[in-house]
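Trainee:
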Amino acid sequence: MPIRARAAVGVAVVAAVAIVSGAVLVASPSADRAPACAPTTDLPGWSVARRWDEALLNAIRRSLPNPPVHARNLFHVSVAMWDAWAAYDPTASGYLFKEKLHVCDLTAARNEAISYAAYRVLTARFIKAVGADKSLSEFSDIMDALAYPTNVTTTEGDSPAAVGNRIAKAVLDYGKADGSNEANGYAATDYRPVNPPLIVALPQIKLVDPNRWQPLQIEYQVSQNGVVLPSSVQQAVGPHWGHVTPFAVPAGGASGVPFDPGPQPRLGDPSTDALFKSQAVQVIRDSSLLDPTSATSIDVSPGALGANGLGSNDGHGRAVNPTNGRAYSPQLVRQGDFYRTIAEFWADGPSSETPPGHWNVIANAVSDQLAPNLRIGGSGPVVDRLQWDVKLYLAINGAVHDAAIVAWGLKGHYDGIRPISLIRYMAGRGQSSDPSLPAYDKEGPRR
Numbered sequence: 000m001p002i003r004a005r006a007a008v009g010v011a012v013v014a015a016v017a018i019v020s021g022a023v024l025v026a027s028p029s030a031d032r033a034p035a036c037a038p039t040t041d042l043p044g045w046s047v048a049r050r051w052d053e054a055l056l057n058a059i060r061r062s063l064p065n066p067p068v069h070a071r072n073l074f075h076v077s078v079a080m081w082d083a084w085a086a087y088d089p090t091a092s093g094y095l096f097k098e099k100l101h102v103c104d105l106t107a108a109r110n111e112a113i114s115y116a117a118y119r120v121l122t123a124r125f126i127k128a129v130g131a132d133k134s135l136s137e138f139s140d141i142m143d144a145l146a147y148p149t150n151v152t153t154t155e156g157d158s159p160a161a162v163g164n165r166i167a168k169a170v171l172d173y174g175k176a177d178g179s180n181e182a183n184g185y186a187a188t189d190y191r192p193v194n195p196p197l198i199v200a201l202p203q204i205k206l207v208d209p210n211r212w213q214p215l216q217i218e219y220q221v222s223q224n225g226v227v228l229p230s231s232v233q234q235a236v237g238p239h240w241g242h243v244t245p246f247a248v249p250a251g252g253a254s255g256v257p258f259d260p261g262p263q264p265r266l267g268d269p270s271t272d273a274l275f276k277s278q279a280v281q282v283i284r285d286s287s288l289l290d291p292t293s294a295t296s297i298d299v300s301p302g303a304l305g306a307n308g309l310g311s312n313d314g315h316g317r318a319v320n321p322t323n324g325r326a327y328s329p330q331l332v333r334q335g336d337f338y339r340t341i342a343e344f345w346a347d348g349p350s351s352e353t354p355p356g357h358w359n360v361i362a363n364a365v366s367d368q369l370a371p372n373l374r375i376g377g378s379g380p381v382v383d384r385l386q387w388d389v390k391l392y393l394a395i396n397g398a399v400h401d402a403a404i405v406a407w408g409l410k411g412h413y414d415g416i417r418p419i420s421l422i423r424y425m426a427g428r429g430q431s432s433d434p435s436l437p438a439y440d441k442e443g444p445r446r
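Following numbering that gives the first Met the number 0, the numbering of the sequence shown begins with 0 at its first residue and continues without gaps.
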């Protein structure tokens with residue numbers, strides 16, 4: 000969705016600028032408090048923040064797909080980890096937790112506070128989720144590997160564990176009043192679809208309003224991770240999400256729309272009817288590019304694809320490789336294979352971390368390629384991996400959280416129809432290109 004993409008790019012810039020002011024500190028070799036036993040180091044190069052991010056992605060893969068909720072969880076865990084890091088920095092500003100602590104062993108204190116904060120938030124958020132037994136077990140395993148007892152629940156005092164627990168409490172309390180309705184399973188209590196469900200297996204379609212969203216009724220609904228869903232009728236995801244408290248974008252206000260590009264084209268609207276129909280035809284044409292029987296080949300090398308302008312898809316590739324100055328060799332693949340790969344990646348098949356999590360996977364892969372030359376904003380001094388990760392996660396997950404608020408806020412506010420409904424509806428009416436031809440109907444598609 001272009002709106003979502005523009006929001007994610009814009010918010011990422013705002014978020015990155017908002018958090019890179021934290022100063023770099025050098026850890027003291029002396030220890031404030033040694034753990035009960037030596038922590039394991041089975042993941043060399045991974046910071047504790049990375050370990051908790053990966054554990055969260057695994058929990059999302061086990062849970063039911065709900066992109067705005069998962070974006071929120073990614074953001075809130077990132078806030079917890081950032082605040083735990085910032086608590087031991089004299090100038091960095093915590094997002095929710097504003098206390099400042101002084102310790103001898105800075106690295107040990109940060110690792111411990113971050114771990115308790117992340118553990119408490121993750122356990123609370125996934126205790127009732129699908130796959131909770133495995134997810135909670137993984138969270139506990141990480142604490143065991145790091146030699147942090149999970150039965151240390153105190154929020155009193157200045158020990159790193161207590162600091163982490165206090166931060167987790169602040170994050171969880173914040174989430175109770177952020178507009179997501181977490182206490183009631185994130186349900187939108189005031190939303191009802193105006194159209195009856197579309198029985199996907201049947202050719203007939205009935206719409207009360209062809210410009211409004213229609214739930215699908217699928218005889219046997221199975222989630223991306225193999226869970227059989229109790230209802231055959233889809234429920235709208237997050238139509239109230241525009242009212243959730245954002246990170247860097249403006250609040251959605253009464254309409255729940257932080258950024259309003261205006262309504263989508265509408266069938267029957269004199270000013271946008273033609274655009275509506277042309278976009279419906281474009282969806283059909285784009286779908287035809289997925290044909291596995293087509294022998295059409297395309298060049299997918301960086302010389303043919305990419306070099307897009309910010310927030311657009313207008314690039315036509317790069318003339319030369321910027322590293323070696325040579326032209327890229329063509330990389331020919333079947334058109335259908337290439338476009339299906341893209342569609343399937345974002346369609347979230349089995350064990351997917353959903354689109355918000357995809358950005359974390361991509362960010363982690365890029366960070367691994369850059370390491371150890373990690374410089375905030377690409378300049379300045381090299382920072383350690385923990386500082387890099389906590390800042391990266393706050394920026395990227397603040398962005399995906401805000402992008403979800405913007406995208407689902409617009410979905411909920413304008414309640415637009417989905418392609419399968421609009422195309423079936425219009426095809427069932429006939430054609431609207433020529434009144435003199437058979438099956439003419441002004442609400443049919445154009446040829």
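Every residue gets a Cβ at the ideal spot worked out from N, C-alpha and C, and that includes glycine. The structure displayed is predicted, hence computed values, not measured ones.
Using CA atoms only, rank isn't needed, just tell me which of 301, 339, 209 and 430 is closest to residue 415.
Mentor: The shortest Cα separation from residue 415 among 301, 339, 209 and 430 belongs to 209.
Trainee: Enumerate, from N- to C-terminal direction, the unbroken beta strand (DSSP E) stretches of 3 or more residues contained entirely within the stretch 226 to 290.
Mentor: If we require 3 residues or more, the stretch 226 to 290 turns out to have no beta strand (DSSP E) run fully inside it.
Trainee: Could you tell me if residue 140 is buried or exposed, where buried requires 16 or more neighbouring beta carbons within 10 angstroms of its beta carbon?
Mentor: Classification for residue 140: exposed.
Trainee: Helix, strand or coil: how does DSSP classify residue 134 here?
Mentor: Three-state result, residue 134: helix.
Trainee: How long is the line joining the alpha carbons of residue 51 and residue 117, rounded to whole angstroms?
Mentor: Using only the alpha carbons, I get a separation of about 7 Å.
Trainee: Could you check if residue 203 is buried or exposed, using at least 16 other CB atoms within 10 Å of its CB as the buried criterion?
Mentor: It counts as exposed.
Trainee: Within the same chain, show all residues whose beta-carbon is closer than 8 Å to that of residue 374, passing over the 5 residues directly before and after it, in chain order.
Mentor: So the list reads 380, 381 and 382, once near-sequence residues are dropped.
Trainee: Hey, is residue 225 close to the ligand PLP, as in C-beta under 8 Å from one of its heavy atoms?
Mentor: The ligand PLP is not among the ligands present in this structure, which contains no ligands whatsoever.
Trainee: Nearest to residue 69 by CA position, among 110, 304, 120 and 92, is which residue?
Mentor: Here the closest residue by C-alpha is 120.
Trainee: In terms of alpha-carbon separation, which member of 178, 437 and 234 lies closest to residue 240?
Mentor: Comparing Cα-Cα distances from residue 240 to each of 178, 437 and 234, the minimum goes to 178.
Trainee: Locate the beta strand (DSSP E) running through residue 296, then write down its first and last residues.
Mentor: Residue 296 -> beta strand (DSSP E) spans 296 to 298.
Trainee: What alpha helix (DSSP H) runs, 4 residues minimum, are completely inside the stretch 66 to 144?
Mentor: List check, alpha helix (DSSP H) in window: 66 to 85, 105 to 125 and 131 to 144.
Trainee: Counting Cβ pairs closer than 8 Å, one from the stretch 69 to 88 and one from the stretch 395 to 408, do we hit at least three?
Mentor: Verdict: yes, contact present.
Trainee: Mapping the DSSP letters down to three states, classify residue 436 as helix, strand or coil.
Mentor: Three-state result, residue 436: coil.
Trainee: For residue 155, count neighbouring C-beta atoms within 10 Å of its own C-beta (all shown protein chains included) and say buried if the count is 16 or more, exposed if not.
Mentor: Exposed, since its Cβ has fewer than 16 Cβ neighbours within 10 Å.
Trainee: Quick one: grab the DSSP three-state call for residue 319.
Mentor: If DSSP states are grouped into helix, strand and coil, residue 319 belongs with coil.
Trainee: Could you check whether residue 263 and residue 297 sit closer than 9 Å to each other, using their CB atoms as the reference points?
Mentor: Contact: no.
Trainee: Under the three-state reduction of DSSP, which class applies to residue 44: helix, strand or coil?
Mentor: Three-state DSSP puts residue 44 in coil, outside helix and strand.
Trainee: Would you give the residue range spanned by the beta strand (DSSP E) that residue 304 belongs to?
Mentor: Careful: residue 304 lies outside any beta strand (DSSP E) and carries neither H nor E.
Trainee: Who are the Cβ neighbours of residue 86 in its own chain at under 7 Å, not counting the five residues just before and after it?
Mentor: Once the five neighbours on either side are set aside, the close Cβ partners of residue 86 are 93, 96, 98, 99, 100, 112 and 162.
Trainee: State the start and end residues of the unbroken beta strand (DSSP E) segment that holds residue 389.
Mentor: No beta strand (DSSP E) holds residue 389; the alpha helix (DSSP H) holding it covers 384 to 413.
Trainee: Considering residue 333, what are the terminal residues of the alpha helix (DSSP H) in which it resides?
Mentor: Premise fails: residue 333 lies in the beta strand (DSSP E), 331 to 333, not in any alpha helix (DSSP H).
Trainee: Beta carbon of residue 385, beta carbon of residue 106: below 9 Å?
Mentor: Yes.
Trainee: When the distance is taken between beta carbons, is residue 187 closer than 9 Å to residue 115?
Mentor: Contact flag unset, no.
Trainee: Within its chain, find whatever has a CB closer than 8 Å to the CB of residue 180; leave out the 5 residues flanking it on each side and keep chain order.
Mentor: Same-chain partners within the cutoff: 186, 187, 188 and 239.
Trainee: Any idea what DSSP makes of residue 9, helix, strand or coil?
Mentor: Interpretation of residue 9 is limited by its pLDDT of 39, a score under 50 that renders its predicted location unreliable; the figure taken from the coordinates is listed afterwards. The answer is helix: DSSP assigns residue 9 an H, G or I state.
Trainee: According to DSSP, simplified to helix, strand and coil, what is residue 445?
Mentor: Coil, per DSSP.
Trainee: Find the nearest neighbour of residue 353 within the set 65, 427, 129 and 242, judged by alpha-carbon distance.
Mentor: Looking at the Cα atoms, 65 is the closest of the given residues.
Trainee: Buried or exposed for residue 344, please, with buried defined as at least 16 other CB atoms from any protein chain shown within 10 angstroms of its CB.
Mentor: Under this definition residue 344 is an exposed residue.
Trainee: Quick check on this structure: which residue in 220, 193 and 341 has the alpha carbon closest to the alpha carbon of residue 285?
Mentor: If we check each option's Cα against that of residue 285, 341 comes out closest.
Trainee: Considering only the beta carbon of each residue, do residue 411 and residue 257 sit closer than 9 Å?
Mentor: No, the Cβ-Cβ distance between residue 411 and residue 257 is not below 9 Å.
Trainee: Do the CB positions of residue 151 and residue 248 come within less than 9 Å of each other?
Mentor: Cβ distance not < 9 Å, so residue 151 and residue 248 don't count as in contact.
Trainee: Assess contact between the stretch 124 to 143 and the stretch 216 to 226, defined as three or more Cβ pairs (one per stretch) separated by less than 8 Å. Is contact present?
Mentor: With a cut-off of 8 Å, the stretch 216 to 226 and the stretch 124 to 143 count as touching, because enough Cβ pairs lie within range.
Trainee: In the DSSP assignment, find the unbroken alpha helix (DSSP H) run with residue 421 in it and report its ends.
Mentor: Residue 421 -> alpha helix (DSSP H) spans 418 to 428.
Trainee: Mind checking which residues open and close the alpha helix (DSSP H) that includes residue 369?
Mentor: Looking at the DSSP string, the run of the alpha helix (DSSP H) that includes residue 369 is 353 to 369.
Trainee: What are the boundary residues of the alpha helix (DSSP H) that includes residue 171?
Mentor: Here the alpha helix (DSSP H) through residue 171 covers 159 to 174.
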